[in-house]
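As you go down the protein sequences, you meet chains A and B in turn. Going by the working numbering, the letters in the first sequence line up with residues 1 to 349, in that order. Going by the working numbering, the letters in the second sequence line up with residues 1 to 349, in that order.
Number of protein chains: 2
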Amino acid sequence: MTRRDAKTKPTARTLDARKATILEAVVTEHIDTAQPVGSSSVAHSAEVAVSPATVRSEMVALEREGYLAQPHTSAGRVPTDKGYRYFVDHLTSGVLSSAQQHQVKDFFASVRGEVEDVLEQTSTLLSQLTSYTAVVVGASHSHATILSVQLVSLDARHQLLVTVFSDGSVAKHSVLTSFDAGSIDVSEASRQLNALLIGTTLEHRVQVPSRHDNVATLVRESVSVLHAERPVTDGEQVFIGGSSKVAEVFDGVETVRKVLSILEQELLVVSLVQDILDQGLSVAIGSEHGYEPLLSCAVIVAPVTVDGAPAGAVGLLGPTRMKYREALAAAGVVSQHLARHFGGEEERG
Amino acid sequence: MTRRDAKTKPTARTLDARKATILEAVVTEHIDTAQPVGSSSVAHSAEVAVSPATVRSEMVALEREGYLAQPHTSAGRVPTDKGYRYFVDHLTSGVLSSAQQHQVKDFFASVRGEVEDVLEQTSTLLSQLTSYTAVVVGASHSHATILSVQLVSLDARHQLLVTVFSDGSVAKHSVLTSFDAGSIDVSEASRQLNALLIGTTLEHRVQVPSRHDNVATLVRESVSVLHAERPVTDGEQVFIGGSSKVAEVFDGVETVRKVLSILEQELLVVSLVQDILDQGLSVAIGSEHGYEPLLSCAVIVAPVTVDGAPAGAVGLLGPTRMKYREALAAAGVVSQHLARHFGGEEERG
DNA sequence: ATTAGCACTCAATTCTACCGAGTGCCAACG
DNA sequence: CGTTGGCACTCGGTAGAATTGAGTGCTAAT
Numbered sequence: 001m002t003r004r005d006a007k008t009k010p011t012a013r014t015l016d017a018r019k020a021t022i023l024e025a026v027v028t029e030h031i032d033t034a035q036p037v038g039s040s041s042v043a044h045s046a047e048v049a050v051s052p053a054t055v056r057s058e059m060v061a062l063e064r065e066g067y068l069a070q071p072h073t074s075a076g077r078v079p080t081d082k083g084y085r086y087f088v089d090h091l092t093s094g095v096l097s098s099a100q101q102h103q104v105k106d107f108f109a110s111v112r113g114e115v116e117d118v119l120e121q122t123s124t125l126l127s128q129l130t131s132y133t134a135v136v137v138g139a140s141h142s143h144a145t146i147l148s149v150q151l152v153s154l155d156a157r158h159q160l161l162v163t164v165f166s167d168g169s170v171a172k173h174s175v176l177t178s179f180d181a182g183s184i185d186v187s188e189a190s191r192q193l194n195a196l197l198i199g200t201t202l203e204h205r206v207q208v209p210s211r212h213d214n215v216a217t218l219v220r221e222s223v224s225v226l227h228a229e230r231p232v233t234d235g236e237q238v239f240i241g242g243s244s245k246v247a248e249v250f251d252g253v254e255t256v257r258k259v260l261s262i263l264e265q266e267l268l269v270v271s272l273v274q275d276i277l278d279q280g281l282s283v284a285i286g287s288e289h290g291y292e293p294l295l296s297c298a299v300i301v302a303p304v305t306v307d308g309a310p311a312g313a314v315g316l317l318g319p320t321r322m323k324y325r326e327a328l329a330a331a332g333v334v335s336q337h338l339a340r341h342f343g344g345e346e347e348r349g
Numbered sequence: 001m002t003r004r005d006a007k008t009k010p011t012a013r014t015l016d017a018r019k020a021t022i023l024e025a026v027v028t029e030h031i032d033t034a035q036p037v038g039s040s041s042v043a044h045s046a047e048v049a050v051s052p053a054t055v056r057s058e059m060v061a062l063e064r065e066g067y068l069a070q071p072h073t074s075a076g077r078v079p080t081d082k083g084y085r086y087f088v089d090h091l092t093s094g095v096l097s098s099a100q101q102h103q104v105k106d107f108f109a110s111v112r113g114e115v116e117d118v119l120e121q122t123s124t125l126l127s128q129l130t131s132y133t134a135v136v137v138g139a140s141h142s143h144a145t146i147l148s149v150q151l152v153s154l155d156a157r158h159q160l161l162v163t164v165f166s167d168g169s170v171a172k173h174s175v176l177t178s179f180d181a182g183s184i185d186v187s188e189a190s191r192q193l194n195a196l197l198i199g200t201t202l203e204h205r206v207q208v209p210s211r212h213d214n215v216a217t218l219v220r221e222s223v224s225v226l227h228a229e230r231p232v233t234d235g236e237q238v239f240i241g242g243s244s245k246v247a248e249v250f251d252g253v254e255t256v257r258k259v260l261s262i263l264e265q266e267l268l269v270v271s272l273v274q275d276i277l278d279q280g281l282s283v284a285i286g287s288e289h290g291y292e293p294l295l296s297c298a299v300i301v302a303p304v305t306v307d308g309a310p311a312g313a314v315g316l317l318g319p320t321r322m323k324y325r326e327a328l329a330a331a332g333v334v335s336q337h338l339a340r341h342f343g344g345e346e347e348r349g
C-alpha cells in the first residue's frame, strides 16, 4: 500500500473525478452550514452516486493528501485551505442575481461626485452585495503629472500649496516661511513654481533656483515640501465599506478584534491587496497571504484597469468559508463597472 | 411608609451622604469587575462604615429611586443609567498618568502635516490612551471665506474647480462642459470666478453674469457646482480611531455589530456628537442620547475651541460601565492640546 | 436607626448519563 | 478488486439532577 502510493501519487496535483466531486460537495455544504460534513450527507447529495462507505474511504485519502481535516475523531470533515484552493481553482464563474445586477446598474447610473466619493460609495455597494467587508483601493497618483501649482497665502507666515495632478487629484501642503511673505512674493512664487513643475511627476527632481531672496526661498521650500511626500504612506487611497459585517461573519470576538484591527491600518490593507495582485491571484485563502492575524480569512481582489493601466482594485474580505462564486462575481462586476465608469467618462453626459 | 416617602422624597434630586457613598462604591466596583455588586463587598470597601444589612436597606431605597437595578433576585445590584449619571455628575476630575501625559505631549510636539492628518492621528492617540473608540470631528468650513478659486483643465470637456478656504481647507469639484473649453476660456473664467467669489462664504449667493458666451457659461456652471454642495453631508470631517476596541470592550456580537454599524455612518456620528454638545453635556449615558442601537453605550464629548470659536470636538465611545474619570480626563486634555495646536500655531516653528 | 441572624432564591457549576452523528474496519458481494 | 452493508467504537453535545454559594429580604434584638 504505502509503496504503491508513494509511486502513483507522490504529490498529486490533480484529483480524479470522484474525489473532486466529493471535495466539492464537502466544501459547498460546509460553506453554508458552517458545520463539519459527514460521509452520508455527501453520499446523499446529488452528483455523488456512491455509498457513504465509499465516500468515507475517499475522504481518508483526501485527508491524507491535505484537502480535508477532521476537527476530532468521529466528527465530519472540514476543508483545509488547500481544499478551498482546489475548490476555487475549479470554480465555474457565477453571475449576480438579476436584482443585484439592477442594483449595480442603478448605482453606477446615478452615482455623482468626485472620484473619492464614488470609490467610497462603491465600497458600500460591494459590501451590501456580498455581506462581506469591501475594500476599494484608488490608484496611486505618483505617476500622474502636475497640471498646476498654486500658492495661496493664509496669513503672513502660512502659505498653502495646492497641486493639481493630471489624474484629477488635488494635494495640499502647508508651507511655513520664516519671513513675512507679502502677497506679491506669493503670486510671483506661484508663477515660478508653475514654470518649474508643470508636466513633471513627483518622482521627478527639479533644479531649483539657489538665489537667496524671499521668493526663491519660498519656491525652494515649496518644492521640498511637495517632494517630501515620499513616505509610502501616500498616493493610494483606501475605502472600506461594511466593516460591521466583520462582526456578522466571523465567530469569536478575538477574531473580530484582530480583523478590525488590521482594517484600521490602511497601509496594511493596501499592501495586502497589492501583494495578492502581484502574485497574480484573485483569491488568497487563509495562510496564502502571509498575514497571520487573517489566518481564518479569505481575500478576494479584482484589479480595476482603465485604458490598459492599473487604476486601483476592489476587494472583499470574508471567512475562508465564504461564498466564493457569488463574491467573485460581485467583485468582478463591480470592478468592471468601475473601470467603465472612469474610462468611459468622455462618452457620457 | 408610603405616605411619608411621598412627602419627603417626591423626586429626590439629591442623595444623602451615605446613599451617595454607597452608590459610588457600587458604580466603581461594577465598572471594574463588570459583575453585579453585593452588599457585603460595598460594606467592606473603605469609605463605608456600616454593616452589609444597612447597606442592603439603603440599596433597596436606591433601587426604588431608580439608581440601581437587580438583574434578578438574589444577585447583586447594577447601576442604571440614572445611577451612572449621578456618579458622573459628582465626579472629581481626574488626571492622566504621567506616562500618558508624556505620550500626549510627545505626540503634539512631533505631529506634522495637514489638519486632516493631525486629526486622524489624534483619533488614534485618544483611542490608545483610553482603549475606547475615539472620534474626532473637524469643524465645518461652511463659514470660512473663499481665498482663491481656480479652474484647471483636465481635458477639453473636464475642468477641475479648486477652491481654497480661509481655514486652510481645499475643495475640488469637477465641472463638465457641453462645449470644448480652450485653455484661454479657462484662465479667463478663473479670473472672473476669483473676482466673484473671493471673500464670500458658501452660503453667500452671488450674482453671476447672464451672458451666453462660453466663458460666462463656464463661470455659471462652476458657481452652481460649488454652491450645490449644500447637502448636509459635507463640511464636517470625522475621523474614527480604534474601532477595533469595540470588539474588546463590548460583549455580545450583536452589540458589537450595532455599534460598528453606527460608526460606519459618519453623518450619524457627527450628529450624535453635535446633539450632545448642543445639550451642553459632556457625557451621554445609555438612553440619554436618543440613539437606540447605542443603548448600552456612553459617549463622552469635549469641544475644541480655537480663538473662542468652535473648531470641532473629540469624543469617546465606550460601554456605560466605562472608566469615566480617566476617559473624561483624556478627552479633556487632548481637546485642549488640539485647540492649542491649531490656535497657537503662529508662535511655533 | 443599626445590625446579627436566618431562611430563602436562583444563577452558575458540576456530574452523570446518554444520545447519536460519524468514523474505521471488515467481511461479503457483483 | 472496487464497492458496499454491517458493526463496534469514539466522543462532542445535551439534558437532567444535584449542589453550591453569593446575595437577598425579613425580623428580632441591641
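C-beta atoms are modelled at their ideal positions from N, C-alpha and C, and glycine is treated no differently. Since the model is a prediction, treat every value here as computed from it, not as a measurement.
Minimum Cα-Cα distance from T201(B) among the listed residues S153(B), R157(B), H158(B) and H143(B) corresponds to H143(B). Runs of the alpha helix (DSSP H) lying entirely within the stretch 216 to 283 of chain B, each at least 4 residues long, are 245 to 249, 253 to 264 and 266 to 278 in chain order. Close to L202(A), with beta-carbon spacing below 7 angstroms, lies no residue of chain B; the smallest spacing is near 16 angstroms. A straight-line Cα-Cα distance of about 12 angstroms links G315(A) and D275(A). The distance from the Cβ of L119(A) to that of V136(A) is about 5 angstroms, consistent with a contact at the 8 angstroms cut-off. Taking C-beta atoms as the reference points, L317(B) and L294(B) count as a pair closer than 9 angstroms.
Within chain A, no C-beta atom comes less than 8 angstroms from the C-beta of A109(B); the nearest is roughly 16 angstroms away. Between A134(B) and T124(B), the gap from beta carbon to beta carbon is short of 9 angstroms. Neighbours of S174(B) across chain A, judged by C-beta separation under 9 angstroms: G113, E114, V115 and G168. Collapsing the DSSP output to three states places S153(A) in a strand. For the 9 angstroms CB-CB criterion, T177(B) and R205(B) do not form a contact. H102(B) carries a helical assignment under DSSP once its states are collapsed to helix, strand and coil.
Among the CB atoms of chain B, none fall inside 9 angstroms of the CB of V219(A). Note on L197(A): 16 or more other CB atoms within 10 angstroms of its CB, so buried under the neighbour-count rule.
The C-alpha of S148(A) lies about 16 angstroms from the C-alpha of V225(A). Exposure of E116(A) is indicated by the presence of fewer than 16 other C-beta atoms within 10 angstroms of its C-beta. In the three-state reduction of the DSSP assignment, A181(A) falls in the coil class. Closer than 9 angstroms to the CB of K258(B) there is at least one CB belonging to chain A.
By the Cβ rule, the stretch 280 to 287 of chain A counts as touching the stretch 77 to 84 of chain A, because three or more pairs are nearer than 8 angstroms.
Contact between the stretch 47 to 63 of chain B and the stretch 86 to 99 of chain B is not established, with fewer than three Cβ pairs separated by less than 8 angstroms.
Positions of the beta strand (DSSP E) runs, each at least 3 residues long and wholly inside the stretch 111 to 160 of chain A, are given as 133 to 138 and 146 to 153 in order along the chain.
Assignment of beta-bridge partners to A313(B) by DSSP yields V137(B) and P303(B). Contact between R321(A) and I31(A) holds, since their C-beta atoms are separated by about 5 angstroms, short of 8 angstroms. DSSP, read as helix, strand or coil, puts K172(A) in strand.
In summary, A171(B) is buried, with 16 or more beta-carbon neighbours lying within 10 Å of its beta-carbon over all protein chains present.
Here the stretch 265 to 275 of chain A does not lie against the stretch 251 to 266 of chain B, with fewer than 3 beta-carbon pairs under 8 angstroms apart. DSSP, read as helix, strand or coil, puts L68(A) in strand.
For T54(A), the three-state secondary structure derived from DSSP is helix.
Close CB contacts of Q150(A) within its chain, under the 7 angstroms cut and outside five residues either way in sequence, are with V162 and S190 (chain order). CA-CA distance, L193(A) to D185(A), rounds to 12 angstroms. Against chain A, a Cβ distance below 7 angstroms from V137(B) picks out nothing, because the smallest value is about 18 angstroms. What V223(B) touches in chain A, judged by beta-carbon distance under 8 angstroms, is nothing: the nearest beta carbon there is about 17 angstroms away. According to DSSP, residue pairing for R77(B) in a beta bridge involves V37(B). Note that the C-beta distance between Q128(A) and G290(A) is not below 9 angstroms. Secondary structure at T28(B): helix, using DSSP grouped into helix, strand and coil.
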